[in-house]
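Heads up, the thing below is written out as structure tokens.
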Amino acid sequence: MADFALAMMALFLVLWIISNSTEAQRQAISGYFADPQAFIEGRRAPSAAAIDLGGSPSVLANIGQSGNSDAMINRQPAPDRGDDNDQQQQQQQQQEVYEQLERLILASPALSPFRNQLLLDITTDGLRLQIVDRQQRPLFESGQAVLTYYAEDMLWELAPVLAASGLRLSITGHTDAYPASPSGQAAEDSNWLLSAQRADAARRALMEAGVSKPQIAQVIGMGDTAPYDRSNPQAPVNRRIALLLLNRQRSESLSGNEALQDGEISSRSDGGTAADSTLQRVQQQRNQPDNSYDNPPNQME
7 MADFALAMMA LFLVLWIISN STEAQRQAIS GYFADPQAFI EGRRAPSAAA
57 IDLGGSPSVL ANIGQSGNSD AMINRQPAPD RGDDNDQQQQ QQQQQEVYEQ
107 LERLILASPA LSPFRNQLLL DITTDGLRLQ IVDRQQRPLF ESGQAVLTYY
157 AEDMLWELAP VLAASGLRLS ITGHTDAYPA SPSGQAAEDS NWLLSAQRAD
207 AARRALMEAG VSKPQIAQVI GMGDTAPYDR SNPQAPVNRR IALLLLNRQR
257 SESLSGNEAL QDGEISSRSD GGTAADSTLQ RVQQQRNQPD NSYDNPPNQM
307 E
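Numbering-wise, our numbering comes out as the position in the sequence shown, counting from 1, plus 6.
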């Protein structure tokens, strides 16, 4: 009796499959039962959802939040073990410098009063420290590239850790959306020039405090094109300096094809710095994207 019931269940299951499957699915099922070992060993490749009758989502439909499979997922070559080790070393170094800066910000008398203006995060290009304006606590004199005394003290306090990291540094200046009005400059150029001049002022302060010239990879003026507070382009927090300690990939891309050894600063003849000709190249930065601002960095509280 039990065997009969089992046979009837199997029959109804077969009938249900036949009535609810497409011709291609029935052919795949038939092929599997004709030669199961061929399917297991891969001599015949069924479709990714050959026996998916619509009762459950297919495996590929679950790849990615959009519901579409990423064709590159299955085509990536196996990572080289040396690359893995290098990536781990870079991540470890970034984390160590991050923690050093975090401890310094909390403990330093020159930095701790301004810890809500010091924003740390790790981007795809490296470890970033942003120093932002707050209401009544600007980094620069209004409309000028002159550091306030406490902003200069902050850079001097940060310089030893930045220098000791051995990582090359990208310095980016940002303004808010209010048009600056430096003497003799066209209005459409004012924020570009002001942001570049402020980034260069930060570069000079860091070098006076011990950061070497070859460690400076680039100095960029972004104007008001990358506001920190996108909902309020005129907010004080949009006026800021970003100090980015570059990872190896980004550093090498700025150096052309020049490879850098572990812990070694590039010794190119130009010192690897764009600071000396920043103002001449400001307009070239209009189409150069800044580092990611989609995820707000951590704020020291």
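Where a beta carbon is used, it is the ideal one built from N, C-alpha and C, also for glycine.
Only a predicted model underlies this, so the values are computations on that prediction, with no experimental measurement involved.
Run through the DSSP bridge pairs and tell me what residue i is partnered with.
i: residue 132; result: 129, 252
i: residue 226; result: 178
i: residue 246; result: 138, 180
i: residue 124; result: 137
Compare the beta carbon distance of residue i and residue j with 7 Å and say whether it is the shorter of the two.
i: residue 245; j: residue 139; result: yes
i: residue 235; j: residue 243; result: yes
i: residue 183; j: residue 196; result: no
i: residue 165; j: residue 212; result: yes
i: residue 227; j: residue 202; result: yes
i: residue 217; j: residue 169; result: yes
i: residue 103; j: residue 133; result: yes
i: residue 162; j: residue 215; result: yes
i: residue 100; j: residue 137; result: no
i: residue 222; j: residue 210; result: no
Where does the unbroken beta strand (DSSP E) through residue i begin, and where does it stop?
i: residue 175; result: 175-180
Roughly how many angstroms separate the alpha carbons of residue i and residue j, rounded to a whole number?
i: residue 257; j: residue 118; result: 30 Å
i: residue 7; j: residue 29; result: 34 Å
i: residue 23; j: residue 39; result: 14 Å
i: residue 160; j: residue 94; result: 30 Å
i: residue 220; j: residue 157; result: 23 Å
i: residue 21; j: residue 15; result: 10 Å
i: residue 254; j: residue 96; result: 8 Å
i: residue 229; j: residue 178; result: 10 Å
i: residue 152; j: residue 131; result: 28 Å
i: residue 175; j: residue 251; result: 5 Å
i: residue 259; j: residue 33; result: 52 Å
i: residue 111; j: residue 105; result: 10 Å
i: residue 155; j: residue 181; result: 19 Å
i: residue 12; j: residue 18; result: 10 Å
i: residue 143; j: residue 204; result: 16 Å
i: residue 149; j: residue 90; result: 46 Å
i: residue 145; j: residue 207; result: 11 Å
i: residue 261; j: residue 240; result: 35 Å
i: residue 237; j: residue 116; result: 31 Å
i: residue 98; j: residue 25; result: 58 Å
i: residue 27; j: residue 35; result: 10 Å
May I ask you to report which of helix, strand or coil DSSP gives residue i?
i: residue 145; result: coil
i: residue 199; result: helix
i: residue 290; result: Reliability fails at residue 290, whose pLDDT of 45 lies under 50, so the model's placement of it is uncertain and the value that follows must be treated cautiously. Residue 290 falls in the helix class under three-state DSSP.
i: residue 103; result: helix
i: residue 32; result: helix
i: residue 114; result: coil
i: residue 216; result: coil
i: residue 211; result: helix
i: residue 186; result: coil
i: residue 261; result: coil
i: residue 109; result: helix
i: residue 151; result: coil
i: residue 94; result: helix
i: residue 239; result: coil
i: residue 232; result: coil
Step through the CB atoms of chain B and report whether any lies within less than 7 Å of the CB of residue i.
i: residue 130; result: Absence of chain B from the displayed structure is noted, only one protein chain being present.
Please report the residue range of the alpha helix (DSSP H) in which residue i lies.
i: residue 20; result: 8-26
i: residue 170; result: 155-171
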